[in-house]
Amino acid sequence: MTIALITGATQGLGLALAEGLAHRLEPTDTVYLTGRDVEKITSAVQSTPGGGAKVRGELLDVADPGSAAKLAAQIHDRHGGIDVVFGNAVMRVGPDDDPREIIDAYTEVNNFGTTRLLKAFAPLLDDNGSLIVVASSLGTLHHLAPVLHGHFTRPSSLDELDAQVARWRDAVRDGRTKAGAWPGFVNIPSKIGQVAAVRVLARERRETDLARGVLIAAVCPGMINTPTSALWWDVSTAPTPAEAATALLDLALNPLKPEHYGELVRHGEVVPFS
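Numbering of the sequence shown is given in this note's numbering, commencing with residue 216 and proceeding in unit increments.
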């Protein structure tokens, strides 16, 4: 029996991942489709095609400090462990958003929500399982001034990384980043923080996980044709969410490639962090 879970799964890529997993798995398996809005969860579950694994809706708001741990405990009680986790919950920023006004909610979902998910579900991973954070190729140090690299390379624990992200968040909120080396596009430090979180956790678990066939990784799905992406770029020729989900599902369900462990992966290839 395979147990899978996707956060931010009521639309877009998250819904495509839930549908793709259900299609690839067996009727005895369960895919947890999660989100923060009960009505949207119910609608998403009802929209998934029949056949394959059972799709089950659950409430999971990664911005809520206790939500991930609560659901992880419930899944442990029901199943004893979990096989596939996709961290896909994201708060998106638009061109007209003032970073100072949205940064608290933005980091609460994208960064602290990611570390909460990692802390809650990594201990539940069964042999040959996978925990994958959906990030971006913007999440590399190439996009950041060298003077800032240490914020994301020095932390040796998720708590230390959260503290660094909190300092950046506070600087954005107070307008101090405008006079410094931080990029104006908050998506860049945020995505770097997500990839750094995966790397920190992987360093702690590498030896045991590789021996068990467990994958912990970040993934870049590439450009996707969604209304949010269209606010920033021309996505008219970009893949649909369902098309973009294929490579991510392959990464999660195929046998572990050790070179992927703890890295950012795009279309099966490692994207160097530095």
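The beta carbon of each residue, even a glycine, is placed where N, CA and C say it ideally should be.
query: For Leu330, which option in Ile317, Gly365, Ala411, Asp385 has the closest C-alpha, if you only look at C-alpha atoms?
result: The amino acid at residue 330 is misidentified as Leu; the sequence shows Thr. Closest by alpha carbon: Ala411.
task: With DSSP as the reference, label Ile290 as helix, strand or coil.
output: helix
field: Those residues which DSSP pairs with Tyr247 across a bridge
entry: Leu220, Arg271
message: Between the stretch 314-323 and the stretch 365-373, can you find at least three pairs of beta-carbon atoms closer than 8 Å?
response: no
Own chain partners of Leu464 with C-beta closer than 8 Å, once the 5 adjacent residues on each side are dropped: Leu232, Gly235, Leu236, Arg239
- request: Evaluate contact between the stretch 339-346 and the stretch 420-431, counting only Cβ atoms and requiring at least three cross-stretch pairs below 8 Å.
  value: yes
task: Identify, in the order they occur along the chain, each residue of the same chain with its Cβ nearer than 7 Å to the Cβ of Gly354, setting aside the five sequence neighbours on each side.
output: Lys406, Ile407, Gln409, Val410, Ala433, Leu479
- prompt: Exposed or buried, what is Thr452 when buried is set at 16 or more other beta-carbons lying within 10 Å of its beta-carbon?
  reply: exposed
field: Buried/exposed call for His276, threshold 16 Cβ in 10 Å
entry: Checking the sequence shown, residue 276 turns out to be Asp, not His. Counting Cβ neighbours within 10 Å, Asp276 comes out buried, since at least 16 surround it.
query: Val305 and Asn326: beta carbons closer than 8 Å?
result: no
field: Continuous alpha helix (DSSP H) assignments of at least 4 residues falling wholly in the stretch 380-448
entry: 402-427
field: Gly302, DSSP secondary structure in three states
entry: strand
- prompt: With burial defined as no fewer than 16 other Cβ atoms inside 10 Å of the residue's Cβ, what is the status of Asp298: buried or exposed?
  reply: buried
task: Please go through the same chain and pick out, in chain order, the residues whose beta-carbon is closer than 7 Å to the beta-carbon of Thr322, but skip the five residues on each side of it.
output: Val380, Arg384, Ser405
query: In this structure, what does DSSP give as the bridge partners for Ser282?
result: Looking at the DSSP assignment, Ser282 forms no beta bridge with any residue, so it has no partner.
- prompt: What are the start and end residues of the beta strand (DSSP E) that includes Glu484?
  reply: 484-486
task: Counting only the same chain and skipping the five closest in sequence on each side, list residues whose C-beta sits under 8 Å from that of Ala335.
output: Ala283, Ala284, Leu286, Ala287
query: In terms of alpha-carbon separation, which member of Asp389, Val300, Ser371, Val486 lies closest to Gly344?
result: Val300
- request: Answer yes or no: do Leu373 and Leu416 have a C-beta to C-beta separation smaller than 8 Å?
  value: yes
query: Taking the alpha-carbon positions, what's the Ser262 to Val253 distance?
result: 14 Å
task: Give the DSSP-derived three-state secondary structure of Gly344 in the structure shown.
output: strand
- request: Whole angstroms is fine: what's the gap from Gly302's alpha carbon to Gly229's?
  value: 9 Å
message: Could you compute how far the alpha carbon of Thr423 sits from the alpha carbon of Leu333?
response: 16 Å
message: Please report the distance separating the alpha-carbon of Ile347 from that of Ala459.
response: 15 Å
Bridge partners - Arg481, DSSP secondary structure assignment: Cys435, Glu484
query: Can the beta-carbon of Ala219 be found closer than 8 Å to that of Val246?
result: yes
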